[in-house]
Amino acid sequence: MTLNQIIYFEKTAERMHMASAAKELMIAQPSLSMSLSKLEDELGVPLFEKRGRGIALTAEGEVFLYHARQIIRDVDAATREMKRLKDQAEDTLTIAYINPLSEHFLPQLFRAFQSSGQAASAHLKSVEMDTGEIIQALQNNTVDMAFSSAINDHTELTQIPILRQPLVLIVPKGHWMERKYQQEGVPLAGTELNGAPMVTYFERSPMHKPIMDYLRQQNVQPDLCHYAYNEPAIANLVAEGMGVAILAKVDHLPWDRIAQVPLDGLTSSRDIFLTYRTNRKLFRTARQMVQFVHQAYRLEDGQ
Numbered sequence: 001m002t003l004n005q006i007i008y009f010e011k012t013a014e015r016m017h018m019a020s021a022a023k024e025l026m027i028a029q030p031s032l033s034m035s036l037s038k039l040e041d042e043l044g045v046p047l048f049e050k051r052g053r054g055i056a057l058t059a060e061g062e063v064f065l066y067h068a069r070q071i072i073r074d075v076d077a078a079t080r081e082m083k084r085l086k087d088q089a090e091d092t093l094t095i096a097y098i099n100p101l102s103e104h105f106l107p108q109l110f111r112a113f114q115s116s117g118q119a120a121s122a123h124l125k126s127v128e129m130d131t132g133e134i135i136q137a138l139q140n141n142t143v144d145m146a147f148s149s150a151i152n153d154h155t156e157l158t159q160i161p162i163l164r165q166p167l168v169l170i171v172p173k174g175h176w177m178e179r180k181y182q183q184e185g186v187p188l189a190g191t192e193l194n195g196a197p198m199v200t201y202f203e204r205s206p207m208h209k210p211i212m213d214y215l216r217q218q219n220v221q222p223d224l225c226h227y228a229y230n231e232p233a234i235a236n237l238v239a240e241g242m243g244v245a246i247l248a249k250v251d252h253l254p255w256d257r258i259a260q261v262p263l264d265g266l267t268s269s270r271d272i273f274l275t276y277r278t279n280r281k282l283f284r285t286a287r288q289m290v291q292f293v294h295q296a297y298r299l300e301d302g303q
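Last residue of the sequence shown: number 303 in this note's numbering, and the count goes up by one each step with no gaps.
As structure tokens, then:
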């Protein structure tokens, strides 16, 4: 049984005239007759009977007409509801983001996007998540897109690089490493970190691995004494003299209390990406965001 068969039956029952119903349905009368005949065969009961030169509903047809009209009403209501949800989704954009972007970059991007004219009336929603939570939210379709670090081994995700944050060494103001750099004017050797108290990211952070890789390459073992989730927390621990740190350089760190010291061989960076499901249909505002970011923020090769 198909929805078309139900619609054909309801219209024929309304008109009680095969030719008139076929004309209104814009199909050939033989096609209508064949469709209704197949419906009767499937139901196992006659729906119409001949009456003079016309047709009339059988008792079974009367019962089926009640259900047919209910089905058509339900389909119409579902169609209207889906259109309402689509219209709502077209103007709503839910974005996940990692913590380092919340201070400066993301608010500016949101303001620029809404001021661009193409999405002035868009309703933006945002929620902070870590990378693991972002992957799950994208897979569950609970967010439309995300601003995240690199996500490997997930081919179902598209990532557009938009921001590069170099890894840097920070120390408390007046620290001997800062003084040595000021005196000698050359980057600090990685071996100077051997045994030094160090503040770093929790192991679950994507930033933990590149820092540990650098330390292994330099064959040094600092004293990893404090762990934190994000750059402001790490920088504040450094500012209070809890150790030195290698972190991604972000806006709004307490530079009046910390200093950046060049470190030999430290060339890694954290790239930030606009991330979304490759195989998921993007609604209007999401498409506009992708286009806006691609034009205004996308990093070119070599940047």
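Each residue gets a CB set at the ideal place from its N, CA and C atoms; glycine is no exception.
Nearest candidate by alpha-carbon position, reference residue i, set the options
i, options, result
"ILE162", "LEU215, ASP76, ASP213, SER148", "SER148"
"GLY243", "VAL220, VAL171, HIS294", "VAL171"
"GLN182", "ALA228, PRO262, GLN70, GLU231", "PRO262"
"GLY265", "ALA228, GLN5, ALA259, PRO210", "PRO210"
"ASN279", "PRO166, THR155, ALA259, VAL168", "THR155"
"VAL290", "GLU42, LEU93, MET207", "LEU93"
"ARG69", "GLY132, LYS38, GLN5", "GLN5"
"VAL238", "LEU43, LYS125, HIS175", "HIS175"
Distance, residue j Cα to residue i Cα
i, j, result
"VAL127", "PHE110", "13 angstroms"
"LEU253", "THR191", "26 angstroms"
"ALA235", "SER102", "16 angstroms"
"LEU157", "PHE105", "22 angstroms"
"ASN99", "ASP130", "8 angstroms"
"ARG298", "MET145", "15 angstroms"
"THR58", "PHE283", "48 angstroms"
"TYR8", "ALA296", "53 angstroms"
"PHE202", "HIS123", "34 angstroms"
"ASP76", "MET82", "10 angstroms"
Beta strand (DSSP E) segment containing residue i, residue limits
i, result
"GLN307", "Since the first residue shown for the chain is 1 and the last is 303, residue 307 is missing from the structure and cannot be characterised."
"LEU247", "244-248"
Residue i classed as buried or exposed, judged by whether at least 16 other C-beta atoms fall within 10 angstroms
i, result
"ASN230", "buried"
"ASN141", "exposed"
"ARG270", "buried"
"HIS67", "exposed"
"MET34", "exposed"
"GLU178", "buried"
"PRO232", "buried"
"GLY61", "buried"
Element boundaries [alpha helix (DSSP H), containing residue i]
i, result
"HIS208", "208-217"
"PHE110", "105-115"
"TYR8", "3-15"
"LEU253", "Counting along the chain, LEU253 falls outside any alpha helix (DSSP H), and DSSP gives it neither H nor E."
"ALA235", "231-239"
Cross-strand partners of residue i (DSSP beta bridge)
i, result
"THR92", "HIS123"
"PHE48", "LEU57"
"ASP387", "Since the first residue shown for the chain is 1 and the last is 303, residue 387 is missing from the structure and cannot be characterised."
"VAL306", "Residue 306 is absent from the structure shown; the chain starts at 1 and stops at 303."
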